[in-house]
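Asker:
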Amino acid sequence: MILDISINGARSLNGFEQKFGPGITVVYGPNGCGKTTLLECIHLLGQGFSFRAKDLKELIAWKSDELIVRGNFEDGSGLQSGRARKRAIRVTRRGNEVKENGENLKSVTALFGGCPAVIMQPSDIELLRGAPDVRRHWLDEILCYRSAANASVLRRYKRVLQQRNQWLKQYKKSSSMGDAPVGGEELFQVLTSQLIDLGAKLWAARLALSTEISPIITSYYRSLSEGVDEITCAYKSSILKELDALDGAEFLGSDELDELNGTAGSEGIANESGADADGVVDEAALRDAFARKLAGLDRAERSLGMTMAGPHRDDLALCIGGYEMRSVGSQGQCRSAALAMRFAAVDVASRYLSKPILLLDDIFAELDRNRRNAVAKLIREKQCQVVIATPQKEDLPFTADAEIKLI
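Taking my numbering, the leading residue of the sequence shown gets 913, the next gets one more, and so forth.
1) With burial defined as no fewer than 16 other Cβ atoms inside 10 Å of the residue's Cβ, what is the status of Y1235: buried or exposed?
2) Would a C-beta distance cut-off of 9 angstroms place A911 and G1025 closer than the cut-off?
3) What are the boundary residues of the beta strand (DSSP E) that includes F928?
4) Examine chain C for any beta-carbon lying closer than 9 angstroms to the beta-carbon of L1279, and answer yes or no.
5) Whole angstroms are fine: how far does the CA of S962 sit from the CA of V1020?
6) Determine the closest residue to S1077 out of P1309, F1276 and A1212, with distance taken between C-alpha atoms.
7) How about the stretch 936 to 946 and the stretch 959 to 978: do they share at least three Cβ pairs that are nearer than 8 angstroms?
8) Leaving out five residues on either side along the sequence, give the residues of the same chain with a beta carbon under 6 angstroms from the beta carbon of Q1297.
9) Where does E1306 land, buried or exposed, given buried means 16+ other C-beta within 10 angstroms?
10) Mind checking which residues open and close the alpha helix (DSSP H) that includes C953?
11) Starting from F985, follow its DSSP beta bridges and name the residues at the other end.
12) Under DSSP, the beta strand (DSSP E) around A1092 begins and ends at which residues?
13) Any idea if A1196 is buried or exposed, counting beta-carbon neighbours within 10 angstroms, 16 or more meaning buried?
14) Ignoring anything shorter than 4 residues or poking outside the stretch 1048 to 1116, list the alpha helix (DSSP H) runs there in chain order.
15) Using a Cβ-Cβ cut-off of 6 angstroms (strictly less than) and excluding sequence neighbours within five positions of D1313, which residues of its own chain qualify?
16) Straight-line CA distance for R1041 to C1246?
17) Please classify L1319: is it buried, with 16 or more other beta-carbons within 10 angstroms of its beta-carbon, or exposed?
18) Helix, strand or coil for E1213, going by three-state DSSP, please let me know.
19) Who are A922's beta bridge partners in DSSP?
20) Here's the rule: buried if 16 or more other CB atoms are within 10 angstroms of the residue's CB, otherwise exposed. What is E885?
21) Leaving out the 5 sequence neighbours to the left and right, which residues in its chain are closer than 7 angstroms to D1156 when beta-carbon positions are compared?
22) Within its chain, find whatever has a CB closer than 6 angstroms to the CB of L951; leave out the 5 residues flanking it on each side and keep chain order.
23) Mind the definition here: the stretch 1099 to 1119 touches the stretch 1200 to 1220 only if three or more C-beta pairs lie below 8 angstroms; say whether that holds.
24) Three or more C-beta pairs closer than 8 angstroms, one from the stretch 1125 to 1141 and one from the stretch 1236 to 1243: is that the case here?
25) One question on the structure: do D1036 and L1251 come within less than 9 angstroms of each other, judged by their Cβ atoms?
26) Can you give me the Cβ contacts of Y1069 inside the same chain, cut-off strictly under 6 angstroms, excluding the 5 residues immediately before and after it?
27) Could you work out which residue in D1210, A1229, A1092 and L1228 is closest to M1220 when comparing CA atoms only?
28) DSSP on I1319, reduced to helix/strand/coil?
29) When DSSP labels each residue in this structure, what does I1128 get in the three-state scheme?
30) Would you grab the beta carbon distance between L1055 and L1121 for me? Rounded to a whole angstrom, and I think it's under 8 angstroms.
31) Classify R1281: buried if its beta carbon has 16 or more other beta carbons within 10 angstroms, exposed otherwise.
32) From the DSSP output, in three-state form, read off L1017 for me.
33) What's the call for E1124, buried or exposed, on a 16-neighbour Cβ count within 10 Å?
34) By the DSSP assignment, the alpha helix (DSSP H) with D1227 in it spans what residues?
35) Where does I1181 fall in DSSP's three states?
Rendered as structure tokens:
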């Protein structure tokens, strides 16, 4: 949980200091007073990235040259109970400085995992309506909750993918000029081998995570919709089936998931090593399938100058009535599914790290009364520290433990 925060030069907040206690804290005030910025700064200190800004320089106030955010945290539960963390981030036009307990860190991303925070906001509907990369980002974020090794595999996979794509782009350009790309075919084979190995590890981790969270998401959705309708959640992979090279993804069948996870069903809960109660994800089978896929796409990849198969092309599909919700789901159904995904992230963080800080950015305005009450009930059941931003505190479906008024 967060104990206090100090913010200087972050958008509309300057010289802001606030202490926090357990339970629910409501931040209220007119639009533009800095409510969401406060949540964003808490998230930045906890997670090591902003849920709004791609570049942290975007947080710097218009007339300021830098922003400085400091906060004290304490793990109140989980695997590292009672550990205190003093964090500070300084962002300038030229770079960032990050410290934890007085020691310099390489980057803000090094803060990830110590003090988890989960954000819920109206734009979460993009988890259902948006492109596959939105859902991959969400999936990979909670994948990193389960194990630091997953974060390492993800970073290495992205780096090798970038290098392989660069080689393919050079090949496409140089083939018309009669030149060979830097490193030649030998470098390409090395990069392909590395991509296959890392891709198999990433697939194994994602499949194990999917096995864990799918029943959690569907259960939360059932609670939020009061059982009116049901959804299914499935991982979509660009391997293990013969696909059209330009299509990109297809559902994994239940038999394939069972085979890869070494189970007779999908109820088993996977641990951070990728193994579940009945078996281990077969990385060798994933590597073989990936190698065959890339071999079949070799000519097309060289022609287009890009890697056309791999975990970076996959998706997490939430379906209702047999159709993907991004196409047929109503606003209410999609919002309920997005909330279910966020609550699933809370459960994963609680299990593998500690109870996260729950940040709510005016989420009740878009919900009907029944869904508002259902969300409020789940929030109370989680017993997390909660910071909620709202224009009108009277509109909340529960009583807060503390209030912060911004003007």
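Every residue gets a Cβ at the ideal spot worked out from N, C-alpha and C, and that includes glycine.
Answerer: Taking the coordinates as given:
1) exposed
2) Only positions 913 to 1319 of the chain appear in the structure, and residue 911 is not among them; the question remains open.
3) F928 to K931
4) The chain inventory of the structure shown lacks chain C, comprising one protein chain alone.
5) 10 angstroms
6) The sequence shown places Asn at residue 1077, rather than the Ser named in the question. Per the Cα distances, A1212.
7) no
8) M913, P934 and I1269
9) exposed
10) K947 to Q959
11) I914 and R997
12) Here A1092 belongs to no beta strand (DSSP E), and DSSP marks it neither H nor E.
13) exposed
14) 1060 to 1087
15) G935 and I936
16) 8 angstroms
17) The sequence as given places Ile at residue 1319; Leu does not occur at that position. When all chains shown are included, I1319 counts as exposed.
18) helix
19) L925 and I972
20) Given a span of 913 to 1319 for the chain in the structure shown, any question on residue 885 remains unanswerable.
21) Note that D1156 has pLDDT 31, beneath the 50 cutoff, so the model's placement of it is unreliable and no number is given.
22) L1271, D1273 and A1301
23) yes
24) no
25) yes
26) L1110 and L1114
27) D1210
28) coil
29) helix
30) 5 angstroms
31) exposed
32) strand
33) buried
34) Not the alpha helix (DSSP H): D1227 falls in the beta strand (DSSP E), residues D1227 to I1232.
35) At I1181, the pLDDT of 29 sits below 50, so the modelled position is not reliable and the matter cannot be decided from this model.
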